[in-house]
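In our numbering, the protein residues as written are 2 to 314.
Note that the Cβ used here is the ideal one computed from N, Cα and C, for glycine as well.
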């Protein structure tokens, strides 16, 4: 039986210019999987939400130059701009939400349309997504993607799977606000979906559709009393309203169905998310990546998903 195909897709935007030339090659190295293709998805839209105030924002020209360098170095195979054509948006939103909307990003400025595009345009059986600021350790003798695919085939209701969140603790404890259920000796089970790193069967994802549409609260209280269909129409006509995160909508659908997200328990692969983007962290990033790739981490970091920057330098 032939092994299912898998492609790696990663988001990049102007907010990532200061670190992406370190993190993208790192993610490709650490996953060390025979991907059908490795794709960079560029968000060319103006920055919105909290993305506007991020430190180290580059220009679109700098972003394009970085992506071309990665392409020429064969670190990635293809570069794709998010398709903001209204006809494309109406088409994929109709499939994924059951209606058309004008919002392309959530209230924080994270690309919802881009999240859908990756799954729709991936040519492989499985799509592995990483945000470009994620960090990953994987031991050379381990292949978390193959483990993940096998588990998803064994458990048809496992819609997504990802590596362990944070370096391993001795007793397997995960320190996070949402407690995952230990389903077996191989994975944790959760109804919360995180969009920063996940493996999904592209065709299987269609079983979740359409996703529920979740709007953020309006400033005018009376508008919060409107039904979701009316809010949808209001957005189509006026553009008013801010969408919640795509991962919140996916999580809500998981809660409404028997599907779930799995998190591998195997300590041979784990991720970290560096929430601190200060100049000091960016400067130290090559050394931090070097330690992570070697499997070296401060003991106080074990079990925590977000990188605790003051422990690393």
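Alpha-carbon to alpha-carbon, residue j and residue i
| i | j | result |
| --- | --- | --- |
| residue 296 | residue 172 | 18 angstroms |
| residue 82 | residue 209 | 25 angstroms |
| residue 8 | residue 224 | 42 angstroms |
| residue 28 | residue 37 | 16 angstroms |
| residue 246 | residue 298 | 31 angstroms |
| residue 234 | residue 25 | 39 angstroms |
| residue 104 | residue 242 | 8 angstroms |
| residue 305 | residue 287 | 20 angstroms |
| residue 262 | residue 89 | 28 angstroms |
| residue 285 | residue 158 | 41 angstroms |
| residue 220 | residue 226 | 12 angstroms |
| residue 244 | residue 110 | 10 angstroms |
| residue 175 | residue 132 | 21 angstroms |
| residue 269 | residue 64 | 33 angstroms |
| residue 32 | residue 144 | 8 angstroms |
| residue 204 | residue 101 | 21 angstroms |
| residue 167 | residue 271 | 6 angstroms |
| residue 15 | residue 61 | 6 angstroms |
| residue 190 | residue 181 | 6 angstroms |
| residue 41 | residue 79 | 6 angstroms |
| residue 301 | residue 313 | 10 angstroms |
| residue 134 | residue 19 | 10 angstroms |
Under the three-state DSSP convention, the category residue i falls into
| i | result |
| --- | --- |
| residue 53 | helix |
| residue 229 | helix |
| residue 247 | helix |
| residue 145 | helix |
| residue 315 | Only positions 2 to 314 of the chain appear in the structure, and residue 315 is not among them; the question remains open. |
| residue 238 | helix |
| residue 205 | helix |
| residue 83 | coil |
| residue 34 | coil |
| residue 163 | strand |
| residue 124 | coil |
| residue 168 | coil |
| residue 26 | helix |
Identified DSSP bridge partners for residue i
| i | result |
| --- | --- |
| residue 95 | Beta-bridge pairing links residue 95 to no other residue. |
| residue 6 | Bridge partners of residue 6: none, in fact. |
| residue 188 | 265 |
| residue 139 | 270 |
| residue 198 | 131 |
| residue 40 | 10, 79 |
| residue 216 | 244 |
| residue 107 | 244 |
| residue 176 | 305 |
| residue 183 | 189 |
Residue from the options with nearest C-alpha to residue i
| i | options | result |
| --- | --- | --- |
| residue 150 | 134, 127, 170, 142 | 127 |
| residue 137 | 300, 304, 274, 279 | 274 |
| residue 48 | 106, 252, 98 | 106 |
| residue 139 | 90, 114, 165 | 165 |
| residue 281 | 310, 85, 84 | 310 |
| residue 116 | 313, 222, 85, 146 | 85 |
| residue 87 | 237, 283, 307 | 237 |
Neighbour flag for residue i against chain B, beta carbons, 8 angstroms
| i | result |
| --- | --- |
| residue 125 | Going by chain labels, chain B is absent from the structure shown, which holds only one protein chain. |
Problem - Contact the segment 190-201 vs the segment 212-231: 3+ CB pairs below 8 angstroms - result: no
Practice task
Would you check if the segment 93-102 and the segment 56-70 touch, i.e. whether three or more CB-CB distances between them fall below 8 angstroms?
Solution key: no
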